[in-house]
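Numbering (our numbering), first residue to last: 403 to 516.
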């Protein structure tokens, strides 16, 4: 089994319930193909570096997945036809960094107070 970090960028006007449905949809695909989601992070609404399909912002969802390569092909096949998604990216890694939460809101406040 390989280790993958998979990030999805959904449109900015997606409602919270639709965002939850997107998470559940791709989580079910992972489970259906004998994959294991080690960690699921919702990074929230963030600014994009440039306009993507007339969107200035995007909702970011990040999966840490333990699976075979066939699962990634299946995920990306489904994401290509999903109208709520702007982009997706899969990176194969050697090990997961499960300790650091890069987009946690409380750390930002602590950093600004120093």
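By construction, the Cβ of each residue, glycine as well, lies at the ideal position given by its N, Cα and C atoms.
Residue i: buried (16+ other C-beta within 10 angstroms of its C-beta) or exposed?
i: residue 504; result: exposed
i: residue 436; result: exposed
i: residue 452; result: exposed
i: residue 511; result: Bear in mind that a pLDDT of 49 at residue 511, under 50, signals an unreliable position, so the number given afterwards is only what the model happens to contain. Exposed.
Going by alpha carbons, who is nearest to residue i out of the options?
i: residue 444; options: 484, 423 and 473; result: 423
i: residue 430; options: 473, 418 and 461; result: 473
i: residue 495; options: 478, 470, 486 and 483; result: 470
i: residue 441; options: 407, 427 and 419; result: 407
Which same chain residues end up closer than 8 angstroms to residue i when comparing Cβ atoms and leaving out the 5 residues on each side of it in sequence?
i: residue 455; result: 413 and 488
i: residue 459; result: 414, 447, 448, 449 and 450
Sorted by chain position, which residues of the same chain lie with C-beta nearer than 6 angstroms to residue i's C-beta, five sequence neighbours on each side aside?
i: residue 438; result: 468
Helix, strand or coil, according to DSSP, for residue i in the structure here?
i: residue 474; result: helix
i: residue 497; result: coil
**Q.** Length-filtered (3 minimum) beta strand (DSSP E) runs lying within the segment 409-458
**A.** The qualifying runs are 438-454.
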